[in-house]
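Here the protein sequences line up with chains A and F, keeping their order.
In terms of the working numbering, the first sequence opens at residue 569 and continues consecutively.
In terms of the working numbering, the second sequence opens at residue 569 and continues consecutively.
A virtual CB, placed ideally from N, CA and C, is assigned to each residue, including glycine.
All of these numbers come straight from a predicted model, not from anything done at the bench.
There are 2 protein chains.
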Amino acid sequence: MTETGLTVRRLARSGTLRGPTSGLAPGYVQANLVCVPRELAYDFLLFCQRNPRPCPLLEVTEVGSPEPVGVAAGSDLRTDVPGYGVWHHGERVAAPETLHDHWRDDLVSFLLGCSFTFETALIRAGLPVRHVEEGRNVPMYRTNRPCRPAGVFHGPMVVSMRPMSPDQAVRASVICARYPRAHGSPIHLGDPAALGIRDLDRPDYGDAVTIRPGEIPVFWACGVTPQAVAQATRPALMLTHKPGHMFLTDLLDSDLEGLG
Amino acid sequence: MTETGLTVRRLARSGTLRGPTSGLAPGYVQANLVCVPRELAYDFLLFCQRNPRPCPLLEVTEVGSPEPVGVAAGSDLRTDVPGYGVWHHGERVAAPETLHDHWRDDLVSFLLGCSFTFETALIRAGLPVRHVEEGRNVPMYRTNRPCRPAGVFHGPMVVSMRPMSPDQAVRASVICARYPRAHGSPIHLGDPAALGIRDLDRPDYGDAVTIRPGEIPVFWACGVTPQAVAQATRPALMLTHKPGHMFLTDLLDSDLEGLG
Numbered sequence: 569m570t571e572t573g574l575t576v577r578r579l580a581r582s583g584t585l586r587g588p589t590s591g592l593a594p595g596y597v598q599a600n601l602v603c604v605p606r607e608l609a610y611d612f613l614l615f616c617q618r619n620p621r622p623c624p625l626l627e628v629t630e631v632g633s634p635e636p637v638g639v640a641a642g643s644d645l646r647t648d649v650p651g652y653g654v655w656h657h658g659e660r661v662a663a664p665e666t667l668h669d670h671w672r673d674d675l676v677s678f679l680l681g682c683s684f685t686f687e688t689a690l691i692r693a694g695l696p697v698r699h700v701e702e703g704r705n706v707p708m709y710r711t712n713r714p715c716r717p718a719g720v721f722h723g724p725m726v727v728s729m730r731p732m733s734p735d736q737a738v739r740a741s742v743i744c745a746r747y748p749r750a751h752g753s754p755i756h757l758g759d760p761a762a763l764g765i766r767d768l769d770r771p772d773y774g775d776a777v778t779i780r781p782g783e784i785p786v787f788w789a790c791g792v793t794p795q796a797v798a799q800a801t802r803p804a805l806m807l808t809h810k811p812g813h814m815f816l817t818d819l820l821d822s823d824l825e826g827l828g
Numbered sequence: 569m570t571e572t573g574l575t576v577r578r579l580a581r582s583g584t585l586r587g588p589t590s591g592l593a594p595g596y597v598q599a600n601l602v603c604v605p606r607e608l609a610y611d612f613l614l615f616c617q618r619n620p621r622p623c624p625l626l627e628v629t630e631v632g633s634p635e636p637v638g639v640a641a642g643s644d645l646r647t648d649v650p651g652y653g654v655w656h657h658g659e660r661v662a663a664p665e666t667l668h669d670h671w672r673d674d675l676v677s678f679l680l681g682c683s684f685t686f687e688t689a690l691i692r693a694g695l696p697v698r699h700v701e702e703g704r705n706v707p708m709y710r711t712n713r714p715c716r717p718a719g720v721f722h723g724p725m726v727v728s729m730r731p732m733s734p735d736q737a738v739r740a741s742v743i744c745a746r747y748p749r750a751h752g753s754p755i756h757l758g759d760p761a762a763l764g765i766r767d768l769d770r771p772d773y774g775d776a777v778t779i780r781p782g783e784i785p786v787f788w789a790c791g792v793t794p795q796a797v798a799q800a801t802r803p804a805l806m807l808t809h810k811p812g813h814m815f816l817t818d819l820l821d822s823d824l825e826g827l828g
């Protein structure tokens, strides 16, 4: 069976899939999930507009609808993601398998582009994606770079990291620039301290990966940023995906190419 | 004196400049203006997110503030544009020289990218931009292509048109793809009837231009789209720029390159 966005969503809905989605359904666009009440939706939409590198918008649902009609008609955001987070006043109070017990009719859902899109392009170009090689979740770190605030929302940018040789990092930068809606090119490479990251072996989300001799860490803006923003902002309610456990859309990576 | 975004804004503020801005301050990003009351701001922001080709967002102001701090600190959207439109219930009721008599403390202002950004790149590549050559405003047309609705907002996409030979159109498509926040590559070329345009000599906005033998019309999504949306949607109040009379930012065209 050819794996598609739809087949992965079905595996999540049936409970068969509860792990990270990196490497699944190659060529299909994966997405970060954020749901907030309507009264916070303008501020969050503006936050995404002002921070397009970590929060590139793919879709915003109608109020109360769990179906992102523009990118995955017939899907259900409450069941089709393999893992969720429930945030109350900045604390993650639950990590449920579905959102049925947490859904409200005033929720607006946001789907943000994900680095797994450009990873497919990197792998096709023969570039290393270490966490895929090692069967782990991608390492993610909170940084000292503040996002541009919008309304009640503020907080630090989160980055994902992939180790590469310097020449591979240059090639990856060119390739990723084709996908501005999947975080685009790296925001930093080399010294982690420049981003306020103390220890690459202790990521704030996901798993550490091996950095080989001659490699440097390469950092991309990450769609887990809204979860760090929830911790900083303490909104009464935010629902999210579990880091690395993404929503699969029906969009093809090529649909995003060059698209702003 | 070198012309910059700032010097053009000053010419508008002083009343010296009241004409179209195409070709002014080459290399500085120009922007379409839309102001709506806060109660409509979420719907309009969502409309832009769902229609990034005609409405690529560069900046959204704080409620009531006429200063787009992210792209032109110290500027004033009420005075720094060479011409305005005031829309009440879908009718353009005034075309004032400033917005002072129409400003309200509940207005949110949106700046959208403009094709004048890619025109600079086209001219540098030796490609024709006929309306600049002929000293006219760019021709713009309402189409039969509906925008994706958001809340109260719906309506047809507006396009701008530049005549070129087919091989020039191909080169222009590649160049414009570098600027997704300035409408990106064309949405159509050739037969105007495919967009529901009956007569290229009678644009809905701006001026007609000469189409030479061997040339075809090439069409780009246009930031005047919100004005057609105002006519279709009839919101109580929308303030805009006058078509072709843009707000000059401090951003450089290169700042937008590849940026989604």
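Is there a Cβ from chain A that is less than 9 Å from the Cβ of Gln-598 of chain F? By one-based count along the second sequence, residue 598 of chain F stands at place 30. So no, Gln-598 of chain F is outside the interface.
Can you grab the Cα-Cα spacing for the pair Met-708 of chain A / Leu-601 of chain A, in whole Å? Reading the first sequence from its first residue, position 140 is the one you call residue 708 of chain A. Reading the first sequence from its first residue, position 33 is the one you call residue 601 of chain A. Roughly 16 Å separates the two Cα atoms.
Within 10 angstroms of the Cβ of Thr-584 of chain F, are there 16 or more other Cβ atoms? Answer buried if so, exposed if not. Taking the second sequence and counting its residues from 1, the one referred to as residue 584 of chain F is at position 16. Flag for Thr-584 of chain F reads exposed.
Output needed in chain order: residues of the region 697 to 725 of chain F with a Cβ under 7 Å from some Cβ in chain A. none
Span separating the alpha-carbon of Val-792 of chain A from that of Val-726 of chain A: Numbered from 1 along the first sequence, position 224 holds the residue referred to as residue 792 of chain A. Numbered from 1 along the first sequence, position 158 holds the residue referred to as residue 726 of chain A. So the two alpha carbons sit approximately 6 Å from each other.
Taking buried to mean at least 16 other C-beta atoms within 10 Å of its own C-beta, is Thr-778 of chain A buried or exposed? By 1-based counting over the first sequence, the position of residue 778 of chain A is 210. Thr-778 of chain A should be labelled exposed.
Pick helix, strand or coil for Ile-784 of chain F, following the three-state DSSP scheme. Here residue 784 of chain F corresponds to residue number 216 of the second sequence, with the count starting at 1. The answer is strand: DSSP assigns Ile-784 of chain F an E or B state.
Proximity of Pro-650 of chain A and Ala-580 of chain A at Cβ, strictly below 9 Å: Translated into the one-based positions of the first sequence, residue 650 of chain A becomes position 82. Translated into the one-based positions of the first sequence, residue 580 of chain A becomes position 12. For Pro-650 of chain A and Ala-580 of chain A, yes; Cβs fall inside 9 Å.
Per DSSP, what kind of secondary structure is Cys-744 of chain A in: helix, strand or coil? As a position in the first sequence, residue 744 of chain A is number 176, starting the count at 1. Three-state DSSP puts Cys-744 of chain A in a helix.
Closest to Trp-671 of chain A by C-alpha separation, out of A:Gly-681, A:Glu-687, A:Thr-647, would be which residue? Residue mapping note: residue 671 of chain A aligns to position 103 of the first sequence, counting from 1. Measuring from the Cα of Trp-671 of chain A, the nearest candidate turns out to be A:Thr-647.
Below 7 Å CB to CB, which residues in the same chain sit around Ala-609 of chain A once its five sequence neighbours on both sides are set aside? Position 41 of the first sequence, counted from the first residue, corresponds to residue 609 of chain A. For Ala-609 of chain A, where only same-chain residues beyond five positions count, the Cβ hits under 7 Å are Val-676.
Which residue marks the beginning of the beta strand (DSSP E) containing Val-631 of chain F, and which one marks its end? Position 63 of the second sequence, counting from 1, holds the residue named residue 631 of chain F. No beta strand (DSSP E) holds Val-631 of chain F; DSSP gives it neither H nor E.
At a CB distance below 8 Å, what residues from the region 623 to 641 of chain F approach chain A? Give them in sequence order. Pro-624, Leu-625, Val-628, Gly-638
Mind pulling the alpha helix (DSSP H) runs of 4 or more residues that sit fully within the region 654 to 694 of chain A? 684 to 692
How many angstroms separate the CA atom of His-657 of chain A from the CA atom of Arg-710 of chain A? As a position in the first sequence, residue 657 of chain A is number 89, starting the count at 1. As a position in the first sequence, residue 710 of chain A is number 142, starting the count at 1. Whole-angstrom Cα-Cα distance: 19 Å.
Does Pro-748 of chain A come within less than 9 Å of chain F when only Cβ atoms are used? In the first sequence, residue 748 of chain A corresponds to position 180, counting from 1. True, the Cβ-Cβ gap to chain F drops below 9 Å.
Helix, strand or coil: how does DSSP classify His-543 of chain F here? The requested residue 543 of chain F does not occur in the structure, where chain F is confined to residues 569 to 828.
Decide if the region 749 to 758 of chain F is in contact with the region 623 to 635 of chain F; the criterion is three or more beta carbon pairs, one per stretch, under 8 Å apart. yes
For Ser-643 of chain A, the three-state DSSP class (helix, strand or coil): Residue mapping note: residue 643 of chain A aligns to position 75 of the first sequence, counting from 1. In the structure shown, Ser-643 of chain A sits in coil (DSSP, three-state: anything other than H, G, I, E or B).
Quick check on the DSSP output: the beta strand (DSSP E) that includes Val-604 of chain A runs from which residue to which? Taking the first residue of the first sequence as position 1, residue 604 of chain A is located at position 36. Counting along the chain, the beta strand (DSSP E) containing Val-604 of chain A begins and ends at 596 to 605.
Could you tell me the boundaries of the alpha helix (DSSP H) in which Ser-822 of chain F lies? Here residue 822 of chain F corresponds to residue number 254 of the second sequence, with the count starting at 1. Segment 821 to 824, the alpha helix (DSSP H) holding Ser-822 of chain F.
Going by beta carbon distance, what residues of the same chain come within less than 6 Å of Ala-662 of chain F, once the five residues before and after it are set aside? Numbered from its first residue, the second sequence carries residue 662 of chain F at position 94. Result list for Ala-662 of chain F: Val-654, in chain order.
Distance between Leu-645 of chain A and Asp-669 of chain F (C-alpha atoms, nearest Å): By one-based count along the second sequence, residue 669 of chain F stands at place 101. By one-based count along the first sequence, residue 645 of chain A stands at place 77. Computed Cα separation, rounded: 46 Å.
Inter-stretch contact (C-beta, 8 Å, three-pair minimum) for the region 686 to 704 of chain A and the region 584 to 599 of chain A: yes
Pairwise C-alpha distance: Leu-680 of chain F and Asp-769 of chain F: Numbered from its first residue, the second sequence carries residue 769 of chain F at position 201. Numbered from its first residue, the second sequence carries residue 680 of chain F at position 112. C-alpha separation (whole angstroms): 27 Å.
Give the DSSP-derived three-state secondary structure of Ala-762 of chain A in the structure shown. As a working note, residue 762 of chain A is residue 194 in the first sequence. Helix, per DSSP.
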